[in-house]
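Chemist:
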Amino acid sequence: MTTATNVLGTPLAPCCTSPMTGFYRDGCCNTGAGDMGVHVVCAQMTPEFLAFTKAQGNDLSTPMPDFQFPGLKPGGRWCLCAPRWQEALEAGVAPPVILDATHAAAIEHVSLADLKDHALQ
1 MTTATNVLGT PLAPCCTSPM TGFYRDGCCN TGAGDMGVHV VCAQMTPEFL AFTKAQGNDL
61 STPMPDFQFP GLKPGGRWCL CAPRWQEALE AGVAPPVILD ATHAAAIEHV SLADLKDHAL
121 Q
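Written as structure tokens, this is what we have:
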């Protein structure tokens with residue numbers, strides 16, 4: 001088994017377990033062949049980003065109990081789709097990222113420089 005790496009080249013750290021995030025709902029921004037959205041950017045939610053993604057048709061703030069999804073609030077962390085993070089960047093509302101929890105695959109969709117410019121750490 002191969003250990004996933006982050007954009008810094010070190011082992012991928014967990015993003016969030018409450019709520020449980022990640023394409024595989026393992027708390028990490030792991031990815032694989034079935035992850036068509038490329039959920040690899042660990043980001044801390046902001047009101048501006050939550051409003052932006054809702055306007056794009058992906059409401060992350062409304063709870064969906066049928067899917068055990070409590071809804072996200074500002075300050076919470078979530079594995080975002082890399083293309084959506086890039087769209088938010090271009091719109092001026094990219095949320096801050098946690099570099100050690102952002103999968104290395106993110107740099108296939110967004111620049112490392114942009115991620116570093118928006119890093120929390």
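In the UniProt record's numbering, the protein residues as written are 1 to 121. Note that CB positions come from ideal geometry on N, CA and C, so glycine has one too.
Are the stretch 19-39 and the stretch 65-79 in contact at 8 angstroms, needing three or more beta carbon pairs?
Modeler: Three or more beta-carbon pairs drawn from the stretch 19-39 and the stretch 65-79 are found closer than 8 angstroms, and the two stretches are therefore classed as touching.
Chemist: Indicate whether Ala101 and Thr5 have their beta-carbon atoms separated by less than 8 angstroms.
Modeler: For this step, residue 101 is matched to residue 101 along the sequence shown. For this step, residue 5 is matched to residue 5 along the sequence shown. Contact: no.
Chemist: Name the one or two DSSP bridge partners that Ala119 has.
Modeler: Taking the sequence shown and counting its residues from 1, one reaches residue 119 at position 119. In DSSP, Ala119 forms a bridge with Val97.
Chemist: Identify every residue that forms a DSSP beta bridge with His109.
Modeler: Residue mapping note: residue 109 aligns to position 109 of the sequence shown, counting from 1. For His109, which the question treats as bridged, DSSP gives no partner whatsoever.
Chemist: Just to confirm my understanding: we take Ala13, look at its own chain, exclude 5 residues before and 5 after, and list those with CB closer than 7 angstroms. What are they?
Modeler: What you label residue 13 is simply residue 13 of the sequence shown in a count that begins at 1. Cβ neighbours of Ala13 beyond the five flanking positions: Asn6, Asp100, Ala101.
Chemist: Is it true that the CB of Pro95 sits closer than 8 angstroms to the CB of Ala106?
Modeler: For the purposes of this step, residue 106 is identified with residue 106 of the sequence shown, where counting begins at 1. For the purposes of this step, residue 95 is identified with residue 95 of the sequence shown, where counting begins at 1. Against a cut-off of 8 angstroms, the Cβ pair of Pro95 and Ala106 comes out as no contact.
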